[in-house]
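Structure first, then comments.
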Amino acid sequence: MKKKQIAILGSTGSIGTQALAVIEEHADLYEAYCLTANNRVEQLAQQAHRFKPAAVVIANEAHYDRLKELMADEPDIKVYAGAKAIDEIVEAGPIDMVLTAMVGFAGLSPTIHAIQARKTICLANKETLVVAGELIGRLAAQYHTPILPVDSEHSAIFQSLVGEDNNEIEKILLTASGGPFRNYTLDQLATVTKADALRHPTWDMGAKITIDSASMMNKGFEVIEAKWLFGVDASKIEVLVHPQSIVHSAVQFKDGAIKAQLGVPDMRLPIQYAFSFPNRLHLSGERLDLFKQPLEFFQPDLQKFHCLALAFEAIRQGGNMPCIVNAANEIVNRGFLEDRCSFLQMGEIIEQTMNRATFDAHPDYASYVATDHEARRIASELMGK
């Protein structure tokens with residue numbers, strides 16, 4: 147049987163490395179056709195030597211010469227650099243699936259190119275749907291391109307919907323760990339550090355997503371993503387704080403029945419399910435033991451976690467407002483990691499950016515790009531004050 151050829155955009159990040167572990171466990175079914183990274187040139191070269199892809203791409207062109215040097219002993223592996231090269235490589239004929247595991251707005255353009263090339267999308271870059279959900283949905287329908295969710299929560303919803311055909315969704319129950327600051331007061335949140343925020347209680351993720359999880363902006367983005375993936379109004383999506391991260395999300399139907407997907411916190415499971423859908427393959431690792439711990443659920447505090455409230459407001463306004471929120475969040479997230487703003491200032495700067503940036507009720511791709519630039523500039527200026 148012909149092996150599925152997979153392009154991994156963001157192969158050196160948390161999702162990318164775990165995707166390669168899945169490919170390695172099922173080397174009879176999958177091959178890495180292309181690997182990309184932004185700056186981690188040494189790690190990208192190590193992965194390329196191990197998995198022998200047809201091509202590697204480093205997004206930051208400043209690292210091209212170093213990557214060429216590191217890959218000199220692998221003449222069969224093509225080496226490229228730059229964002230345009232990533233857009234082009236996903237269109238390569240042999241590719242069957244594209245795992246979009248890049249972080250942030252940068253994932254939007256290659257995802258569009260992959261959709262237009264009719265590649266199956268394994269979506270781990272939630273910002274793609276946050277920024278341009280309506281556009282992505284329209285393109286996926288136009289090019290008959292399947293989009294399979296990789297986020298653990300959206301994969302859980304997707305798995306809960308398998309076999310339900312056209313049964314109406316009454317409510318989506320989107321779970322959140324609550325992050326490291328679930329039980330903090332507002333006064334305590336005023337003084338937390340990046341070291342505090344990076345200590346996530348249940349998941350091992352990259353720094354950007356870990357900070358977003360601590361502020362619960364990540365959950366707000368997942369609400370927006372769920373709206374577009376599953377065609378439901380945001381009013382039908384409820385966020386539940388679930389510290390154990392065992393129930394990954396659930397769906398309530400109009401008869402009151404709730405279906406949920408449970409499992410240990412292991413991102414290889416949703417990655418592998420996206421690769422193998424509709425089949426399930428063996429996955430090595432720990433199994434869930436429901437006798438060992440209780441399952442708890444709490445309402446999120448929108449006053450403490452203002453970023454989550456801002457995400458719901460962005461959904462309510464629609465248009466390019468989620469794009470504005472995403473751009474501002476990328477700026478303040480980096481600012482917090484670089485000690486240029488406090489934890490609570492992140493939400494304040496995002497809200498001010500929402501009020502100042504140009505609103506567009508009916509954006510196209512060019513509008514999204516312009517909005518991203520404008521919102522980043524405004525947020526950067528606000529943070530510099």
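Numbering (the working numbering), first residue to last: 147 to 531.
Cβ coordinates follow ideal geometry from the N, Cα and C atoms, glycine included.
On the criterion of 16 or more Cβ atoms from any shown chain inside 10 Å, does residue i qualify as buried, or is it exposed?
i      : result
Val410 : exposed
Lys265 : buried
Lys148 : exposed
Glu310 : exposed
Ala403 : exposed
Ala341 : exposed
Tyr289 : exposed
Tyr330 : buried
Glu368 : buried
Ala183 : buried
Val308 : exposed
Ser430 : exposed
Ala194 : buried
Leu216 : buried
His428 : exposed
Gly162 : buried
Gln151 : buried
Gln164 : buried
His508 : exposed
Ala260 : buried
Just tell me which of the options has its CA closest to the CA of residue i.
i      : options                           : result
Lys198 : Ile169, Arg462 and Glu484         : Ile169
Asp222 : Ala263, Lys214 and Ser381         : Lys214
Lys373 : Ala507, Pro468 and Ile392         : Pro468
Ala153 : Val249, Asp518, Val203 and Ala173 : Val203
Cys453 : Leu175, Gly366 and Glu234         : Gly366
Ser298 : Asn271, His290 and Gly279         : Asn271
Arg426 : Thr163, Ala457, Leu175 and Arg502 : Leu175
Ser301 : Asp412, Arg284, His519 and Ser160 : Asp412
Ser361 : Ala201, Ala457 and Gly239         : Ala457
Glu220 : Ala200, Asn206 and Thr291         : Ala200
Gly493 : His508, Gly465 and Leu528         : Leu528
Pro389 : Ser157, Ala278 and His346         : His346
Ile293 : Phe505, Met243, Ala191 and Glu497 : Met243
Val249 : Ala231, His259 and Val277         : Val277
Asn312 : Asp435, Phe399 and Phe505         : Phe399
Gln407 : Leu434, Lys438 and Thr504         : Leu434
What's the gap between the Cα of residue i and the Cα of residue j?
i      : j      : result
Arg196 : Leu335 : 43 angstroms
Asp485 : Ser526 : 14 angstroms
Glu432 : Leu166 : 19 angstroms
Asp358 : Glu237 : 31 angstroms
Ala380 : Val478 : 25 angstroms
Ala227 : Lys317 : 44 angstroms
Ala247 : Leu269 : 7 angstroms
Val378 : Lys224 : 43 angstroms
Phe451 : Phe482 : 16 angstroms
Val397 : Gln305 : 10 angstroms
Arg522 : Glu476 : 8 angstroms
Met500 : Ile470 : 6 angstroms
Glu280 : Ile303 : 20 angstroms
Thr356 : Leu344 : 6 angstroms
Ala173 : Ser395 : 30 angstroms
Gly325 : Ala218 : 43 angstroms
Thr517 : Gly239 : 33 angstroms
Tyr511 : Arg480 : 25 angstroms
Asn472 : Asn466 : 10 angstroms
Phe421 : Thr321 : 23 angstroms
Leu144 : Glu442 : Since the displayed the chain opens at 147 and closes at 531, residue 144 lies outside it and no answer follows.
Phe489 : Phe251 : 22 angstroms
Arg502 : Gln418 : 42 angstroms
Pro295 : Pro416 : 8 angstroms
Gly283 : Leu245 : 17 angstroms
Val393 : Leu436 : 11 angstroms
Pro440 : Glu384 : 21 angstroms
Ala231 : Ile258 : 14 angstroms
Glu207 : Gly159 : 18 angstroms
For residue i, is the beta carbon positioned less than 6 angstroms from some heavy atom of the ligand NAP?
i      : result
Ala208 : Only the bare structure without any ligand can be found here, which leaves the ligand NAP out of the picture.
Pull up the DSSP beta-bridge partners for residue i, would you.
i      : result
Lys224 : Ala201
Thr266 : Met243
Lys405 : Val397
Glu384 : Leu319
Val423 : With the sequence shown as reference, residue 423 is identified as Phe, and Val is not the correct amino acid for it. In the DSSP output, where bridge partners are listed per residue, Phe423 has none listed.
Phe251 : Answer by DSSP bridge pairing: none, since Phe251 is not bridged.
Phe489 : Looking at the DSSP assignment, Phe489 forms no beta bridge with any residue, so it has no partner.
Phe451 : Per DSSP, none; premise fails for Phe451.
Phe444 : Val387
Could you tell me whether any Cβ in chain B is nearer than 7 angstroms to the Cβ of residue i?
i      : result
Ala512 : Of the chains in the structure shown, none is chain B; there is only one protein chain.
- Task: With a floor of 3 residues, list each beta strand (DSSP E) that falls wholly inside the segment 149-213, ordered by position along the chain.
- Result: 150-155, 176-183 and 201-204
- Message: Just to confirm the assignment: which complete alpha helix (DSSP H) runs, minimum length 4, are found wholly within the segment 277-364?
- Response: 298-307, 332-335, 340-343 and 353-361
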